[in-house]
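Peer 1: Numbering (this note's numbering), first residue to last: 57 to 269.
Rendered as C-alpha cells:
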C-alpha cells in the first residue's frame with residue numbers, strides 16, 4: 057500500500073488578520089442625542105456651495121448670514137431622498153411648520169446629502185420654502201448620533217438602500233444645548249410639532265428677555 061504525501065503551502069498568520077478584523081468589526085448601535093445634551097464644536101461651513109435655498113419651489117441665491125442663523129433657536133432636520141415616501145412626508149412637514157418656526161423667533165435648516173437635480177425637483181413639485189445645507193460626509197449627523205459608518209440603516213429599515221442618517225429633527229439654542237430631539241430610530245415615535253414649536257418659542261422668549269434686560 058502506498059501513502060500519498062500531501063504538501064500544503066506555507067502561510068503567514070499575518071495574511072489572515074485583515075479578514076478576521078473585518079469579521080470582528082463591531083456593529084455600533086445609533087444613539088441620537090437627547091434633550092439636555094450640548095453639541096460641542098457645532099458649526100456650518102461658510103461656503104456658498106454648501107447651501108441651497110428655495111422659495112415657493114424656486115431656487116434663490118440670497119446671502120445667508122450664518123451668525124444670524126445660530127444666534128436664534130435653530131431647528132435642524134436631517135433628510136435624505138433615500139428614505140423614499142417617508143422622507144418626502146418628513147420634509148413636507150418641515151416645510152409646513154417653517155413659517156411658524158420663524159414667527160416664534162427661530163430658524164429652520166434641512167441637512168441633506170448633497171446638491172442634486174432630485175432635490176430641485178422635490179422643491180419645485182412640493183412648493184418648498186426651505187434652506188438646505190449639504191453634509192456629504194455626514195459629519196453633523198454623526199455629532200447628533202444619527203449616523204455611524206458601522207451602523208448602516210438598511211440593517212434596521214427595509215426599503216433604504218444607501219448608507220444615510222436617520223430622519224431626525226433637533227432644536228438647539230444659541231448655546232448649542234439640545235431643547236428637543238426626534239428621530240425615526242424608534243419607529244413608533246411620532247414627530248410632535250407642537251412641542252417643537254413650543255421649545256422654539258420658549259427659547260426665543262428667554263433670549264429676548266435676556267437681551268432686553
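Beta carbons: idealized from backbone N, C-alpha and C, even for Gly.
1) Give the DSSP-derived three-state secondary structure of residue 220 in the structure shown.
2) Quick one: Cα of residue 233 to Cα of residue 113, how far?
3) Quick one: is residue 118 buried, meaning 16 or more other Cβ sit within 10 Å of its Cβ, or exposed?
4) For the segment 89 to 108 against the segment 194 to 206, do three or more pairs of beta-carbon atoms, one drawn from each stretch, fall closer than 8 Å, so that the two count as touching?
5) Three or more C-beta pairs closer than 8 Å, one from the segment 210 to 217 and one from the segment 173 to 186: is that the case here?
6) Helix, strand or coil: how does DSSP classify residue 241 here?
7) If you compare alpha carbons, which of 164, 226, 187 is closest to residue 171?
8) According to DSSP, which residues form a beta bridge with residue 200?
9) For residue 189, which option in 249, 168, 129 has the closest C-alpha, if you only look at C-alpha atoms?
10) Can you check which of these residues, 149, 174, 239, 97, is closest to residue 138 by C-alpha distance?
Peer 2: Taking the definition as stated:
1) In this structure, residue 220 counts as coil in the three-state DSSP scheme.
2) Going from the Cα of residue 233 to the Cα of residue 113 covers about 32 Å.
3) With fewer than 16 neighbouring CB atoms inside 10 Å of its own CB, residue 118 falls in the exposed class.
4) Touching, yes.
5) Touching, no, given that fewer than three Cβ pairs across the two stretches are closer than 8 Å.
6) In this structure, residue 241 counts as coil in the three-state DSSP scheme.
7) Closest option to residue 171, Cα to Cα, is 187.
8) DSSP lists no beta-bridge partner residue for residue 200.
9) Residue 189 has its Cα closest to that of 168, out of 249, 168, 129.
10) From the listed residues 149, 174, 239, 97, the smallest Cα separation to residue 138 is found for 174.
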